[in-house]
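Enquirer: Under the numbering used here, the first residue of the sequence shown is numbered 0, with each subsequent residue one higher.
Pasting in a structure now, in structure tokens, and then I'll have a few things to ask.
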Amino acid sequence: NWMKAGIIESHRVVTVSPYYAEELVSGPDKGVELDNILRSIRCSVSGIVNGMDTQEWNPLTDKYIDYHYDITTVMDAKPLLKEALQAAVGLPVDRSIPLIGFIGRLEEQKGSDILVAALDKFIGMNVQVVILGTGKKKFEKQIEQLEELYPDKARGVAKFNVPLAHIITAGADFMLVPSRFEPCGLIQLHAMRYGTIPI
0 NWMKAGIIES
10 HRVVTVSPYY
20 AEELVSGPDK
30 GVELDNILRS
40 IRCSVSGIVN
50 GMDTQEWNPL
60 TDKYIDYHYD
70 ITTVMDAKPL
80 LKEALQAAVG
90 LPVDRSIPLI
100 GFIGRLEEQK
110 GSDILVAALD
120 KFIGMNVQVV
130 ILGTGKKKFE
140 KQIEQLEELY
150 PDKARGVAKF
160 NVPLAHIITA
170 GADFMLVPSR
180 FEPCGLIQLH
190 AMRYGTIPI
């Protein structure tokens, strides 16, 4: 186990947040069976709060979005960005429809199974959903089926696409973050910076 070897030979182990550093040594579920090693080593385990690249993730200068904005112009720009997102993914363009985004790995830890189950319950409402991510094939297939069932309401893009991640973050009204645990995720930080409400 290369991770174990790295931990044993380290002078310090750093994680993405102080709370996650505590969680890692608390037991095998969060410590991914390395908790005993982390507790027994002589080096310290500490966390530094994760942060985002504020130059890349800046709605005032973002090279991937068509309309730039700040806190004083967000209400004017967001509807235009929503329409641009709808057009980009082939959804009906209508700024009055709530648009929900999801960006992340399609796996249990990120809550992809929760996402699919929840979408089945509310997709019949007047709402649109755009999902961007790759991961387990069963989740990619479920998202593909959702798009087939609701062609005017759902889009799933099963690939890594940085420009589309920016367009979704800027154009969505809400960003779903259904993770079972999140050591210090960036998606919700990006969403808040862009005026998109994380759920």
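Virtual Cβ for every residue (Gly too), placed ideally from N, Cα, C.
Please report the distance separating the alpha-carbon of D69 from that of E32.
Expert: For D69 and E32, the distance between alpha carbons rounds to 44 Å.
Enquirer: From T14 to I40, what distance separates their C-alpha atoms?
Expert: Using only the alpha carbons, I get a separation of about 16 Å.
Enquirer: Kindly give me the distance between the Cβ atoms of A169 and I64, rounded to whole angstroms, as I take these residues to be in contact under 8 Å.
Expert: 5 Å
Enquirer: Hey, could you find the ends of the beta strand (DSSP E) V95 is sitting in?
Expert: It is worth fixing the name first, because residue 95 is Ser in this sequence and not Val. S95 -> no beta strand (DSSP E), and no H or E assigned at all.
Enquirer: Based on the DSSP secondary-structure assignment, which residues constitute the bridge partners of A153?
Expert: V128
Enquirer: What does DSSP give as the partner residues of I196 in its beta bridges?
Expert: F173
Enquirer: Need the endpoints of the alpha helix (DSSP H) that G5 sits in, please.
Expert: Start and end: 1 to 8.
Enquirer: Applying the 10 Å Cβ sphere with the 16-neighbour rule, what's the burial state of A116?
Expert: Exposed: under 16 other Cβ atoms inside 10 Å.
Enquirer: Which residue comes first and which comes last in the alpha helix (DSSP H) that contains V73?
Expert: 73 to 88
Enquirer: Would you verify that the beta carbon of K136 is, or is not, closer than 8 Å to some beta carbon of chain C?
Expert: No chain C is present in this structure, which holds just one protein chain.
Enquirer: Who does S204 pair with in a DSSP beta bridge?
Expert: As displayed, the chain neither begins before 0 nor continues past 198, which places residue 204 out of reach and without an answer.
Enquirer: Tell me whether K120 is buried or exposed, calling it buried when 16 or more other Cβ atoms sit within 10 Å of its Cβ.
Expert: So K120 ends up on the exposed side.
Enquirer: Quick one: using the 10 Å Cβ neighbour count with 16 as the cut-off for buried, is K77 buried or exposed?
Expert: buried
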